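Be aware that the sequence shown starts at 1, since it is given in full-length UniProt numbering, and climbs by one per residue.
Don't be surprised by glycine CBs; every beta carbon is placed ideally from N, CA and C.
Note that the coordinates shown come from a computational prediction; the quantities given were computed from them, not determined experimentally.
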Amino acid sequence: MSKVTIREVAEMAGVSIATVSNVFSGRKVVTPELSARVNDAARALSYQVDRAASQLKSGRAQVVGVLVPNFNDTFFTSLVSRIEQLAAAVAYQVIVVSSQDDEAVEAARLDALMGWRPSGIIAVPATNTVPQLLRREFANLPIILVDRVGQDDLAVDTVTVDNHAAGWEAAQHLLDCGHRSIAIASSVSAFRPIQDRIRGVADCCAARGVPAPRVIEVGINHESGAEILGEWLNANQHPTAIIAMTNVTTLAALSALARGSLEIPDAISLIGFDDYTWMTARKVPLTAVRQPIDQIADRTWARLMSRIQGSAELPESIVLAATLQVRSSVARLA
Numbered sequence: 001m002s003k004v005t006i007r008e009v010a011e012m013a014g015v016s017i018a019t020v021s022n023v024f025s026g027r028k029v030v031t032p033e034l035s036a037r038v039n040d041a042a043r044a045l046s047y048q049v050d051r052a053a054s055q056l057k058s059g060r061a062q063v064v065g066v067l068v069p070n071f072n073d074t075f076f077t078s079l080v081s082r083i084e085q086l087a088a089a090v091a092y093q094v095i096v097v098s099s100q101d102d103e104a105v106e107a108a109r110l111d112a113l114m115g116w117r118p119s120g121i122i123a124v125p126a127t128n129t130v131p132q133l134l135r136r137e138f139a140n141l142p143i144i145l146v147d148r149v150g151q152d153d154l155a156v157d158t159v160t161v162d163n164h165a166a167g168w169e170a171a172q173h174l175l176d177c178g179h180r181s182i183a184i185a186s187s188v189s190a191f192r193p194i195q196d197r198i199r200g201v202a203d204c205c206a207a208r209g210v211p212a213p214r215v216i217e218v219g220i221n222h223e224s225g226a227e228i229l230g231e232w233l234n235a236n237q238h239p240t241a242i243i244a245m246t247n248v249t250t251l252a253a254l255s256a257l258a259r260g261s262l263e264i265p266d267a268i269s270l271i272g273f274d275d276y277t278w279m280t281a282r283k284v285p286l287t288a289v290r291q292p293i294d295q296i297a298d299r300t301w302a303r304l305m306s307r308i309q310g311s312a313e314l315p316e317s318i319v320l321a322a323t324l325q326v327r328s329s330v331a332r333l334a
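Written out as structure tokens, the structure is:
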């Protein structure tokens, strides 16, 4: 059986050979409708793209690398899932690596990722500092930093949410409901997004003349985090409300309160971070800060594709809004 050619794919899809080439190479933008027709035709004909030949011609593989801190946090896995959907629509492959929130592991994983000669990289660094390997590549490789965006990242495109505003809005809701004793369940307070969320809560409290929130750092594992928060609750006067800073600390808070037989919101009110379907399926639906994960991924991918296709625009800092989803987990005290 003879090998299927690119011409046969073009004929079945009803497009030019150049369009098929652009879909598979990513060198030029192709509409989603045309891209879908080409990919459908390729699958119907069992056409295999010669990635090695394409890489030899361009020097880069039609691959995008994605670095995340860990796979425990649903925010990161949801982000990767959306990026994979966007990549598949334009015939890109995605290679995902995790730093395990460790700078040494991060350096090793990035070194291995660069061996694939990716066309670009989307990175959520392990710390607030951009890895040296990526910093060296700023001038040579399209790189987009997401979520953990430091103040020194002006030489590269960044996408994040307004974390200060997110913290402020959560605190404002509690204060409007009469709460004056607020605790924060933080993951790692050294991370820039967490710092900004905590600062947003604290600034809102200060603006309303309310005592500063107490911050409990519970880490990035929900099981150990539940133990830490539970011990803190046993040893301290209870706040009337807790704001969790991530979806992992939200789970930690839920577990700690359940183990302590502390009903939500009767004993302690709770606001979670990140918003997932299970939060509405609870006996007491959870009020939560929703990050626009699909929008974060969409804007990140669009910016990366623009860079891959040669855009020489100045680096852009894209800041998106989070929204508070008000449900039943906050008691009204006044």
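For A89, the closest of A302, G209, R332, S189 by C-alpha to C-alpha distance is A302.
Selection A44, V146, G178 evaluated against V161 yields V146 as nearest (Cα-Cα). Taken in chain order, the unbroken stretches of beta strand (DSSP E) that lie wholly in the region 131-191 and span 3 residues or more are 143-146, 157-161, 182-186.
If you draw a straight line from the Cα of S16 to the Cα of A10, it is about 6 Å long. Ranked by Cα distance from D274, the first of E227, F75, S306, A104 is F75.
Distance check between L257 and each of M245, N247, H238, T246 places H238 closest, using alpha-carbon atoms only.
When the beta-carbon positions are compared, G272 and T250 come within less than 7 Å of each other. With 16 or more neighbouring CB atoms inside 10 Å of its own CB, G230 falls in the buried class. Counting along the chain, S255 sits inside the alpha helix (DSSP H) bounded by residues 247-259.
Cβ contact annotation for N39 (same chain, cutoff 6 Å, sequence separation greater than five): none. The criterion of a C-beta distance shorter than 7 Å is not satisfied by A244 and A171. Judged by beta-carbon spacing, L304 lies within the 7 Å limit of G120, meaning their Cβ atoms are closer than that value. For secondary structure counted as the beta strand (DSSP E) over 3 or more consecutive residues, the region 256-285 holds these complete runs in sequence order: 269-273. With a cutoff of 7 Å on beta-carbon distance, D196 and N163 are scored as near each other. Q93: member of the beta strand (DSSP E) spanning 93-98, first to last residue. The residue among D102, T158, F191 with its C-alpha nearest the C-alpha of N128 is F191.
Per DSSP, the beta bridge partners of R290 are T323. Per the coordinates, the alpha-carbon of V105 lies some 5 Å from the alpha-carbon of S99. In the structure shown, V68 falls within a strand segment according to DSSP collapsed to helix, strand and coil. Judged by their CB atoms, V188 and V124 are not nearer to each other than the 7 Å cut-off.
Three or more beta-carbon pairs separated by less than 8 Å link the region 319-330 to the region 274-290, which places the two stretches in contact.
DSSP places G230 outside any beta strand (DSSP E); the residue lies instead in the alpha helix (DSSP H), whose first and last residues are 222-235. If you check the CB distance, S306 and L270 do not come in under 7 Å. When the alpha-carbon of I268 is set against those of A281, R180, S35, the nearest one is in R180. Boundaries of the alpha helix (DSSP H) around A36: 32-44. Non-local beta-carbon contacts of V23 in its own chain, meaning distances under 6 Å to residues more than five positions away in sequence, involve V30, S35, V38, A91 in chain order.
Partner residues in the beta bridge of G120, as assigned by DSSP, are V64.
Under DSSP, R214 shares a beta bridge with A183. DSSP places A207 within a helical segment (H, G or I) once states are collapsed to three. Closest by C-alpha distance to P131, out of R299, V149, W116, is V149.
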